[in-house]
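Take 6 as the starting number for the sequence shown in the numbering used here and just add one per residue.
Reading through the structure tokens given below for one structure.
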Amino acid sequence: MTPSYQPDGMPLLDVRDVTVRFAGLTALDGVGFAVAPGTVHAVIGPNGAGKSTFFNVLSGVYKATSGSVRLDGAELTALPPHRVAALGVARTFQNIALSRHLPVVDNLMLGRHRLTRAGFVSSGLRLPHARREWARHLDRVTEIAGFVGLGDRLGTPVGLLPYGVQKRVELARALCMEPRLLLLDEPVAGMNGGERLDMAELIVAVRESLGISVLLVEHDMGMVMRLADRVTVLDFGRRIADGTPEEVQRDPHVVRAYLGTSPDQEDM
Ligand SMILES: Nc1ncnc2c1ncn2[C@@H]1O[C@H](COP(=O)(O)OP(=O)(O)OP(=O)(O)O)[C@@H](O)[C@H]1O
Ligand SMILES: [Mg+2]
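This is the structure:
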């Protein structure tokens, strides 16, 4: 299957016919779509639709049974996670994956690791060039922390921060990898109304100020409709719709997948 949507020029991410089978279960079945550069693209669908599986394929954690995923023309499907990251794909997880006992700054510095030449973590800062490199990365980490509103939390152990702020730290750590594509898996899950609005603002800023494309998995439809330029809908591993937020919202397949009824039955 070729994506029905071909943006002008080359897509940043080009997903074609991706199938993932686990023993006895097809988690993704011939999924294809394209993400245009500088856009927020949402992937939505009911529980178990295959959204996180797709992120795992994209970031090199799972291997696709078949199909192709290209970032700017480079095939990602056979690459291990660190190679995918090196090409500019960073992610956050559905459940927070940070070192709770370490301060924010250390968590963010770990996000810089792939960018270091001297390997400042392993060299233990004994060498002057490692120290200089560490200082350079610390400057950038401080800048990114300021951007996401964590400037005054750098020294705080992550575990002591409120949940909504921890999710911000995760996003900041992903930004510390200087990605071209940011994968956000349910960035506002478990957040209160105010925290959700703050996160939505931050996602807009990531795209507009940093020019990073965002691939967003999210159950909060208000967020999706507000933030996404384009939406791909999965159900039982299949792509059932792809279009603008307005288009997919009134697509009968989507309505049926979410409500378990056809749109006609709904009026009854
Ligand atoms: N490692 C695995 N081994 C076997 N089955 C798996 C594995 N990972 C996911 N699955 C199955 O694949 C299907 C898709 O799961 P996935 O986690 O991708 O759904 P999801 O769309 O992210 O759902 P949710 O909205 O609940 O997070 C589910 O049936 C799930 O049980
Ligand atoms: Mg999931």
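Glycine included, every Cβ here is placed at the ideal spot set by N, Cα and C.
DSSP-derived helix/strand/coil call for residue i
| i | result |
| --- | --- |
| D240 | strand |
| I208 | helix |
| T44 | coil |
| G93 | coil |
| D203 | helix |
| V229 | helix |
| V274 | Shown here, the chain extends from 6 to 273; a query on residue 274 therefore has no answer. |
| A69 | coil |
| G248 | strand |
| R185 | coil |
| R235 | strand |
| Q270 | Confidence at Q270 is low in this model, with a pLDDT of 47, below 50, so the placement of that residue should be treated as unreliable; the coordinate-derived value is given next. Q270 falls in the helix class under three-state DSSP. |
| D256 | coil |
| R261 | helix |
Opposing strand residues paired with residue i [DSSP bridges]
| i | result |
| --- | --- |
| F38 | V20 |
| F59 | None; F59 has no bridge partner. |
| S64 | According to DSSP, S64 bridges with nothing at all. |
| A79 | L76 |
| L33 | V25 |
| D190 | V222 |
Any non-hydrogen atom of ligand 3 within 8 Å of residue i CB
| i | result |
| --- | --- |
| E223 | As presented, the structure is devoid of ligand 3, carrying ligand 1 and ligand 2 as its sole ligands. |
Worksheet entry | Segment contact flag, the stretch 185-194 with the stretch 57-67, C-beta cutoff 8 Å, min 3 pairs | yes
Item to complete: Determine contact between the stretch 19-27 and the stretch 194-207, defined as no fewer than three beta-carbon pairs at a distance below 8 Å.
Response: no
Practice prompt. Taking only runs that begin and end inside the stretch 97-175, name each unbroken alpha helix (DSSP H) of 4 or more residues, in chain order.
Written response: 109-116, 125-128, 133-152
Discussion item. Using a Cβ distance threshold of 8 Å, determine whether the stretch 244-264 contacts the stretch 24-42, with at least three qualifying pairs required.
Written reply: yes
Fill in: Residue list, Cβ distance to ligand 1 heavy atoms smaller than 5 Å
F27, A32, N52, G53, A54, G55, K56, S57, T58
Worksheet item: Should the stretch 155-172 be called in touch with the stretch 69-79, which here means at least 3 C-beta pairs below 8 Å?
Response: no
Discussion item. Under 8 Å, with one C-beta from each stretch per pair, do the stretch 137-152 and the stretch 105-115 reach the 3-pair mark?
Written reply: yes
Worksheet item: Using 8 Å as the threshold, is the stretch 45-58 in touch with the stretch 80-94, meaning 3 or more CB pairs across them?
Response: no
Worksheet item: Given 8 Å as the limit, is there contact between the stretch 207-223 and the stretch 177-186, that is, 3 or more CB pairs closer than that?
Response: yes
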